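K.L.:
Residue numbers (this note's numbering): 534 to 785.
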């Protein structure tokens with residue numbers, strides 16, 4: 534496993550280095566830094582409510598720390614299905630039951646009996662530069678297969694919905710690698726925030742850019758669920774990383 538990880542990080546760092554030296558990416562990152570500086574120092578940003586807005590949400594421990602607990606998500610999803618007009622299928626009932634059992638085993642039983650003697654320092658720590666490089670390459674692969682996908686059907690499905698039925702899963706599935714890609718890069722930005730390298734405003738801006746970037750390509754293929762997945766993932770990362778205020782998550 535360590536050998537595969539070493540190969541993956543070596544190749545991803547090489548690829549990232551090559552692309553970062555290119556003129557196109559130099560221009561893109563320079564422009565992004567300029568926009569970021571304008572965002573961070575914008576007067577209008579000061580008009581936006583800060584994290585202390587609607588502070589009464591923080592008084593509730595569940596809302597403050599456990600709003601995305603796996604059990605809560607499964608319960609909410611189950612209630613949503615129960616309230617639906619059409620009865621859910623037997624297969625979906627089985628899936629929900631499996632989800633309950635899996636979450637209980639993974640979040641309660643395994644940590645209690647297998648990791649009770651472990652501390653945070655006992656787990657493997659990854660080099661943020663390696664994580665960023667892998668995420669960068671996953672996004673590149675997604676962008677590459679996006680253009681291959683639209684070339685295979687002769688147009689953009691968003692502009693011509695009938696083209697979506699001609700998309701080949703073998704070409705569109707790699708596009709979804711953007712989702713874990715932006716998640717990995719987002720985690721690196723969060724790590725830099727924790728170490729005081731980036732400000733909270735900078736990380737929030739970069740999260741927005743990552744979500745908008747991936748959303749553009751996924752939406753252009755006519756997909757909606759992957760966009761929700763990427764948005765929800767970044768919201769969860771921002772929530773537990775204290776990048777998003779509790780009131781933003783609750784109201785949003």
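C-beta atoms are modelled at their ideal positions from N, C-alpha and C, and glycine is treated no differently. Note that the structure is a prediction, hence the values are computed from the model and not measured.
#1: Determine contact between the region 736 to 752 and the region 761 to 777, defined as no fewer than three beta-carbon pairs at a distance below 8 Å.
#2: With a Cβ-Cβ cutoff of 8 Å, do residue 677 and residue 686 count as a contact?
#3: In its own chain, which residues sit with a C-beta less than 6 Å from the C-beta of residue 736, not counting the 5 before and 5 after it?
#4: Answer yes or no: do residue 671 and residue 710 have a C-beta to C-beta separation smaller than 8 Å?
#5: Beta-carbon separation of residue 668 and residue 714 under 8 Å?
#6: State the start and end residues of the unbroken alpha helix (DSSP H) segment that holds residue 745.
#7: According to DSSP, is residue 574 helix, strand or coil?
#8: Quick check on residue 684: does DSSP put it in helix, strand or coil?
#9: Taking its Cβ as the centre, do 16 or more other Cβ atoms sit within 10 Å of residue 778, making it buried, or is it exposed?
P.N.:
Based on what the coordinates show:
#1: Between the region 736 to 752 and the region 761 to 777, the count of Cβ pairs shorter than 8 Å is three or higher; the stretches touch.
#2: For the purposes of this step, residue 677 is identified with residue 144 of the chain shown, where counting begins at 1. For the purposes of this step, residue 686 is identified with residue 153 of the chain shown, where counting begins at 1. Taking 8 Å as the Cβ cut-off, residue 677 and residue 686 do not qualify as a contacting pair.
#3: Residue mapping note: residue 736 aligns to position 203 of the chain shown, counting from 1. Only residues of its own chain outside the window of five on either side were considered, and among them 722, 726 and 776 have a CB closer than 6 Å to the CB of residue 736, listed in chain order.
#4: The sequence position of residue 671 within the chain shown is 138, counting from 1. The sequence position of residue 710 within the chain shown is 177, counting from 1. Yes; because the gap between Cβ atoms is below 8 Å, this pair is in contact.
#5: On the chain shown, position 135 is the one that residue 668 refers to. On the chain shown, position 181 is the one that residue 714 refers to. Residue 668 places its beta carbon less than 8 Å from that of residue 714.
#6: Here residue 745 refers to the residue found at position 212 when the chain shown is read from its first residue. Looking at the DSSP string, the run of the alpha helix (DSSP H) that includes residue 745 is 733 to 753.
#7: For the purposes of this step, residue 574 is taken as the residue at position 41 of the chain shown. In the structure shown, residue 574 sits in coil (DSSP, three-state: anything other than H, G, I, E or B).
#8: As a working mapping, residue 684 is identified with position 151 in the chain shown. Helix.
#9: Translated into the one-based positions of the chain shown, residue 778 becomes position 245. Counting the other Cβ atoms within 10 Å of the Cβ of residue 778 gives 16 or more, which makes it buried.
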